[in-house]
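Have a look at the structure below, then the notes.
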Amino acid sequence: MEENKIEKENIKLNEANKYLAEGKYARAIKLYEEYIGNSLKNKKIKEAAMAYH
């Protein structure tokens, strides 16, 4: 399940890179923001789990 989540995030990052290369900056920025937000959220969840453990 974790691998599926990572794969989806990588697809989002690749899509953002594609839009950036095409000059569609607004769309690329939106996808980068989503990617970063999800990464930070996942990091906080992992840190909380480690602190609890």
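Here our numbering is used: the first residue of the sequence shown is 573, the next is one more, and so on. We put the CB at the ideal spot given by N, CA and C, even for glycine.
Leaving out the 5 sequence neighbours to the left and right, which residues in its chain are closer than 7 Å to residue i when beta-carbon positions are compared?
| i | result |
| --- | --- |
| A650 | Shown here, the chain extends from 573 to 625; a query on residue 650 therefore has no answer. |
Assign residue i to one of three DSSP states: helix, strand, or coil.
| i | result |
| --- | --- |
| G609 | helix |
| K596 | coil |
Work out the CA separation of residue j and residue i for me, nearest whole Å.
| i | j | result |
| --- | --- | --- |
| Y591 | L603 | 9 Å |
| K618 | K596 | 33 Å |
| K584 | K615 | 18 Å |
| A593 | A623 | 40 Å |
| N576 | A588 | 19 Å |
Using a Cβ-Cβ cutoff of less than 8 Å, which residues in the same chain neighbour residue i once the five nearest sequence positions on both sides are dropped?
| i | result |
| --- | --- |
| E581 | Y607, N610 and S611 |
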